[in-house]
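Here the protein sequences line up with chains A and B, keeping their order. Under our numbering, the first sequence has 166 at position 160, and the numbering climbs by one with no breaks. Under our numbering, the second sequence has 77 at position 71, and the numbering climbs by one with no breaks. So the structure is just underneath, and the comments pick up after that.
Protein chains: 2
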Amino acid sequence: MTESKPLRADARRNRDAIVAAARSSFDHGEQLRFDDFAARAGVGVGTLYRHFPTRAALAAAVYEDEVSALCDRARDPSRSPGENLDTFLRGFVDHLVAHAGLARTLAAIVDPASRAKNGVELERTVADLMTRAAADGVVRNDVNPEAVLMLLHNIGSAADRPQWASQSRGAIEVVIAGLKRT
Amino acid sequence: MTESKPLRADARRNRDAIVAAARSSFDHGEQLRFDDFAARAGVGVGTLYRHFPTRAALAAAVYEDEVSALCDRARDPSRSPGENLDTFLRGFVDHLVAHAGLARTLAAIVDPASRAKNGVELERTVADLMTRAAADGVVRNDVNPEAVLMLLHNIGSAADRPQWASQSRGAIEVVIAGLKRT
DNA sequence: TTGACAAGTGGAGACGGTCTCCATATTCTC
DNA sequence: GAGAATATGGAGACCGTCTCCACTTGTCAA
Numbered sequence: 007m008t009e010s011k012p013l014r015a016d017a018r019r020n021r022d023a024i025v026a027a028a029r030s031s032f033d034h035g036e037q038l039r040f041d042d043f044a045a046r047a048g049v050g051v052g053t054l055y056r057h058f059p060t061r062a063a064l065a066a067a068v069y070e071d072e073v074s075a076l077c078d079r080a081r082d083p084s085r086s087p088g089e090n091l092d093t094f095l096r097g098f099v100d101h102l103v104a105h106a107g108l109a110r111t112l113a114a115i116v117d118p119a120s121r122a123k124n125g126v127e128l129e130r131t132v133a134d135l136m137t138r139a140a141a142d143g144v145v146r147n148d149v150n151p152e153a154v155l156m157l158l159h160n161i162g163s164a165a166d167r168p169q170w171a172s173q174s175r176g177a178i179e180v181v182i183a184g185l186k187r188t
Numbered sequence: 007m008t009e010s011k012p013l014r015a016d017a018r019r020n021r022d023a024i025v026a027a028a029r030s031s032f033d034h035g036e037q038l039r040f041d042d043f044a045a046r047a048g049v050g051v052g053t054l055y056r057h058f059p060t061r062a063a064l065a066a067a068v069y070e071d072e073v074s075a076l077c078d079r080a081r082d083p084s085r086s087p088g089e090n091l092d093t094f095l096r097g098f099v100d101h102l103v104a105h106a107g108l109a110r111t112l113a114a115i116v117d118p119a120s121r122a123k124n125g126v127e128l129e130r131t132v133a134d135l136m137t138r139a140a141a142d143g144v145v146r147n148d149v150n151p152e153a154v155l156m157l158l159h160n161i162g163s164a165a166d167r168p169q170w171a172s173q174s175r176g177a178i179e180v181v182i183a184g185l186k187r188t
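This is the structure:
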């Protein structure tokens, strides 16, 4: 929401270190005491609490970083719009599969509000990729981006089913094929 | 599972008092410290922990009592089988509506295992009521009890939607009507 | 009834995770 | 480089959770 003040250099550094440490231990499926995130990041507990008053706040920051990283990689000027869309979708699923522990942890901790907030950025990204690819004539223009987003969401929220990894890759290929102009 | 040893009289009394206290505070939506359940029941913490090692264990006991009470009231010899079935179904929903807080709390705490365990008793009761009513010729005999149970289950798990109470009563009337022999 | 043993009790206090507080340190601004 | 603003860290307060055991109560055979 409020992007407010620019952080002082050292504060920014510490914040980033904390988020990185949290991301890593979430990803490994570790169940840490909240204070331990501080130790992992090499900062004091006070610093941890100033930046992230609760576990959920920390998880939200990790989640936001994940979404941003994904969205940033979405547009590569050296590729065609159609390739960008395909690459993004495959990359999305690959990322989820490679970090299933992270996906599970975030699904369990992140609260609906920040989930929704970051969903907006994702939606904008997908919509943009689809619009460009459609303008280029390679994908259909009668598909709602939200429909695609819903499919992605369904893939993500099934992260604890057996066979999930292979099923996900199969599913995203179906989506990619389904988007192609016939 | 293991019904094991019969409790000593005082132990039984204490256990019942704890469950009653828990039921009451769950119902009121209170968020008590675990130790406080003991105080409410007028027993020591040690007694609470011996009977219920965890919050989930306590919730499971409350849940079991609820289901048993519901099932016990199911068969009234002074009524016809058809009336018994109708009464049971309406009573089920009335009970849920009257104790929405309890339903919510139990839904949040009770673990799937004990949910399943008590589900069996419910299913037996419903199946029995339906069989008798069908033998009496007042309801159809081509409906699976599990289907009815599924309808009941969905009613219970929607306990926090707005309009839930009136929608639930409407829904159960549809079920009752739908079961009648045409 | 009573004695003796098993069963059950209560609550002080150990334990451990969460969070606050503030003297000190670092960065920023001019 | 001085002063203001900002950020730090970690000792220890705080507060639920849970254990432990000296003591009480119930049970039952005699």
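Ideal placement from N, C-alpha and C gives every residue a C-beta, glycine not left out. In this text the structure is predicted, and so the values were computed from the model without any measurement.
- Note that the C-beta distance between Ile-178 of chain B and Val-99 of chain B is below 7 Å.
- Looking at the DSSP output, Lys-123 of chain A sits in no beta bridge, so it has no partner there.
- Contact between Ala-44 of chain B and Gly-50 of chain B holds, since their C-beta atoms are separated by about 6 Å, short of 8 Å.
- In the three-state reduction of the DSSP assignment, Val-145 of chain A falls in the strand class, which pools E and B.
- Our two residues, Gly-48 of chain A and Val-116 of chain A, have alpha carbons roughly 24 Å apart in a direct line.
- According to the DSSP assignment, Glu-179 of chain A belongs to the alpha helix (DSSP H) that extends over 170-185.
- Inside the region 65-132 of chain A, DSSP marks whole alpha helix (DSSP H) runs of 4 or more residues at positions 87-104, 106-115, from first to last along the chain.
- If you check the CB distance, Ala-165 of chain A and Ala-106 of chain A come in under 7 Å.
- Of the other Cβ atoms in all chains shown, 16 or more fall within 10 Å of the Cβ of Val-132 of chain A; this residue is therefore buried.
- Bounds of the alpha helix (DSSP H) holding Pro-151 of chain A are 151-162.
- Collapsing the DSSP output to three states places Phe-40 of chain A in a helix.
- In the structure shown, Leu-135 of chain B adopts helical secondary structure according to DSSP, grouped into three states.
- Contact between Glu-127 of chain A and Pro-151 of chain A does not hold, since their C-beta atoms are separated by about 13 Å, which reaches or exceeds 8 Å.
- The beta carbon of Ala-109 of chain A sits closer than 8 Å to the beta carbons of Leu-102, Gly-162, Ala-165 from its chain, once the five residues preceding and following it are set aside; these are given in chain order.
- Take the alpha-carbon of Arg-79 of chain B and the one of Leu-157 of chain B: they are about 20 Å apart.
- Inter-residue distance for Asp-92 of chain A and Pro-59 of chain A is about 39 Å (C-alpha atoms, whole angstroms).
- Within the same chain, Asn-147 come within 6 Å of Ala-140 of chain A by CB-CB distance, once the 5 residues on both sides are set aside.
- Ranked by how close their Cα comes to the Cα of Asp-22 of chain A, the residues A:Leu-54, A:Asn-124, A:Gln-37 have A:Leu-54 in first place.
- Shown here, Ala-165 of chain A sits in coil according to DSSP, grouped into three states, outside any helix or strand.
- Cβ-Cβ distances below 8 Å link Arg-85 of chain B to Thr-93 in the same chain, with the five nearest sequence neighbours on each side left out; the list follows chain order.
- DSSP places Arg-56 of chain A in the helix class (H, G or I) of the three-state scheme.
- Arg-29 of chain A: member of the alpha helix (DSSP H) spanning 15-33, first to last residue.
- The straight-line gap separating the alpha-carbon atoms of Pro-87 of chain B and Ala-119 of chain A is approximately 50 Å.
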